[in-house]
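6 is the number of the first residue of the sequence shown in the UniProt record's numbering; add one for each residue after it.
Beta carbons: idealized from backbone N, C-alpha and C, even for Gly.
Bear in mind that the values here come from a model prediction, so they are computed numbers and not experimental data.
Scroll down for the structure; my scribbles are underneath it.
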Amino acid sequence: QYILGIETSCDETAAAIIKNGHEIVSNVVASQIESHKRFGGVVPEIASRHHVEEITLVLEETMKKANLTFSDLNAIAVTEGPGLVGALLIGINAAKALAFAHNVPLIGVHHIAGHIYANAIVTELKFPLITLVVSGGHTELVYMKDHGSFEVIGETLDDAAGEAYDKVARTLNLPYPGGPHIDRLAQEGKATIKLPRAWLEEGSYNFSFSGLKSAVINTLHNAKQKGEEINPQDLAASFQASVIDVLVTKTKRATEEYKVKQVLLAGGVAANRGLREALHAQFDDKSDIQLVIPPISLCTDNAAMIAAAGSVLYEKEIFSDLKMNGNPGLELRTY
Ligand code: ATP
Ligand code: MG
Ligand code: FE
């Protein structure tokens with residue numbers, strides 16, 4: 006079974022072919038980070054224009070590397086949402102055109118279902134499981150009792166983890182995207198600065214990072230007014246410690262309450278070294294719960310994860326028609 010995946014929800018133009026739901030046959034990503042850097046964030050119009058320029062080349066390369074033709078495909082899976090609507094539409098229109106021309110089924114995939122299914126490429130999923138999703142736009146704990154079954158048990162009430170990283174990085178004058186830079190600084194510093202942790206109501210699996218972000222900004226501001234120096238490494242380490250403390254503690258509690266077999270990590274912030282280490286320490290070899298963390302190339306946006314998630318919908322015969330539209334507010338639901 007060969008599924009072609011297409012992903013254009015944000016600033017990566019990506020296509021990939023996955024065999025039998027988990028084997029990568031080819032996986033091509035064209036990143037636009039360089040074009041958005043000087044604006045300090047993703048500019049939607051620029052993103053759409055790059056997707057138009059790249060999509061055909063990326064698809065050609067994906068097919069060539071796989072040594073397959075379109076008639077070998079069982080289905081074409083494409084990110085339907087959430088994301089930037091103009092960006093989503095480029096991938097969706099390419100997918101529709103190919104599906105129509107080659108008479109192949111079309112499958113609409115939720116971007117976060119994709120991030121979660123990056124883990125299925127690494128290992129066989131065992132249910133029930135909990136996924137900690139930490140990306141540029143999402144911070145969620147997702148419970149799954151079977152393939153294609155997604156229950157969001159907690160989510161951020163304000164900023165996503167990646168968003169908080171990028172905003173804190175900007176106040177420290179670090180380039181976009183700031184997450185990796187904060188991660189690097191944090192390794193060099195000590196978490197000596199007192200910063201808040203938003204636990205929210207007792208038993209809540211929700212998150213909040215805007216208070217922490219404001220506390221970092223206030224710390225810098227107050228020091229400046231008093232003419233004091235703040236060590237950026239220590240500030241980064243303190244910020245990262247607060248984020249990781251809340252993420253890991255809530256994830257651990259969820260795995261106990263839901264009695265899971267596996268805990269998965271998903272999304273761009275899964276690339277964070279501190280978070281990976283903290284999870285490994287919490288779910289070590291002696292733990293009954295298996296920790297799964299994809300390689301960094303499968304944590305950030307890619308199309309292999311979209312094809313892997315699409316393969317589950319293919320098995321369930323959940324297809325889309327040519328009326329599919331980009332849906333920036335698409336909700337993660339059970340299929
Ligand atoms: P979403 O998936 O929610 O639609 P997105 O696709 O834009 O958002 P991803 O590509 O999954 O987000 O992740 C990008 C985010 O990951 C950025 O905020 C970036 O700063 C963050 N990030 C990447 N590497 C690291 C790291 N090492 N430490 C912390 N954050 C990181
Ligand atoms: Mg991106
Ligand atoms: Fe993403």
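Residue i (DSSP reduced to helix, strand or coil)
i: residue 212; result: strand
i: residue 268; result: strand
i: residue 227; result: helix
i: residue 154; result: coil
i: residue 76; result: helix
i: residue 159; result: strand
i: residue 48; result: coil
i: residue 325; result: strand
i: residue 7; result: strand
i: residue 17; result: strand
i: residue 37; result: coil
i: residue 206; result: coil
i: residue 22; result: strand
i: residue 296; result: strand
i: residue 301; result: helix
Any non-hydrogen atom of the ligand FE closer than 8 angstroms to residue i Cβ
i: residue 56; result: no
i: residue 306; result: yes
i: residue 14; result: yes
i: residue 302; result: no
i: residue 140; result: yes
Distance cut-off 8 angstroms: residue i Cβ against heavy atoms of the ligand ATP
i: residue 274; result: yes
i: residue 104; result: no
i: residue 116; result: yes
i: residue 277; result: yes
i: residue 10; result: no
i: residue 280; result: yes
i: residue 121; result: no
i: residue 237; result: no
i: residue 164; result: no
i: residue 45; result: no
i: residue 143; result: yes
i: residue 17; result: yes
i: residue 182; result: yes
i: residue 171; result: yes
i: residue 158; result: no
i: residue 299; result: no
Best match in the options for proximity to residue i [C-alpha to C-alpha]
i: residue 86; options: 119, 72, 57 and 61; result: 119
i: residue 6; options: 73, 57, 52 and 55; result: 73
i: residue 180; options: 123, 262, 112 and 43; result: 43
i: residue 2; options: 188, 225, 177 and 208; result: An answer regarding residue 2 cannot be provided, because it is not within the stretch 6 to 340 covered by the chain.
i: residue 14; options: 51, 24, 186 and 22; result: 51
i: residue 70; options: 162, 208, 33 and 187; result: 33
i: residue 252; options: 240, 279 and 227; result: 279
i: residue 99; options: 235, 260, 12 and 16; result: 12
i: residue 242; options: 121, 184 and 78; result: 184
i: residue 162; options: 151, 150, 146 and 153; result: 146
i: residue 260; options: 148, 115 and 16; result: 148
Residue i CB to nearest heavy atom of the ligand MN below 8 angstroms
i: residue 249; result: Ligands in the displayed structure: the ligand ATP, the ligand MG and the ligand FE; the ligand MN is not one of them.
Closer than 9 angstroms to chain D by CB, residue i
i: residue 312; result: Included in the structure is just one protein chain, with no chain D present.
Could you name each continuous alpha helix (DSSP H) segment of 4 residues or more that falls completely within the region 78-158, going from the start of the chain to the end? 90-107 and 116-127
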